[in-house]
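Residue numbers (the working numbering): 185 to 320.
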């Protein structure tokens with residue numbers, strides 16, 4: 185089910201779809217781990233940063249990821265708080281549609297250089313009420 189909604193080659197993938205390499209690069213750039221709240225933040229970030237994402241896409245993803253995803257990958261209420269924080273951060277920044285970026289063009293750069301070129305902060309450096317209030 186994850187593949188159907190998140191993979192770029194799926195015919196029914198939602199906006200924010202990103203290949204695994206790009207997804208993993210965002211984990212590093214945004215300084216996120218691989219816990220479910222971290223995964224929720226990254227998924228929220230990619231959906232929020234994609235200009236095609238609508239309220240309906242967001243609700244559909246939340247429904248699917250809390251009910252039909254394999255149990256160990258299902259998001260809880262707390263995970264959705266991190267998803268929403270990531271979504272808001274993704275919406276708030278330029279450039280947009282980072283899910284379509286070819287991250288391999290940055291393979292000879294340091295993580296700090298990539299953050300600077302893309303004008304991104306580590307998630308732990310984002311000082312916003314949604315991040316603080318949600319514990320993300």
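Here a beta-carbon is modelled for each residue, glycine too, at the ideal position from N, C-alpha and C. On a predicted model such as this, the values are computed, not experimentally measured, just so you know.
Here residue 277 has 233, 303 and 304 as same chain residues with Cβ atoms under 8 Å from its own Cβ, once five neighbours each way along the sequence are excluded.
Membership of residue 194 in any alpha helix (DSSP H) is not indicated, and neither H nor E is assigned to it by DSSP. For residue 265 and residue 216, the gap between their C-alpha atoms comes out near 15 Å. For residue 202, the number of other beta carbons within 10 angstroms of its own is at least 16, and it is reported as buried. Secondary structure of residue 255 (DSSP, three-state): helix. For the options 223, 286 and 301, the alpha carbon positioned closest to that of residue 190 is the one of 223. For residue 261, the closest C-alpha among the options 220, 238 and 185 is that of 220.
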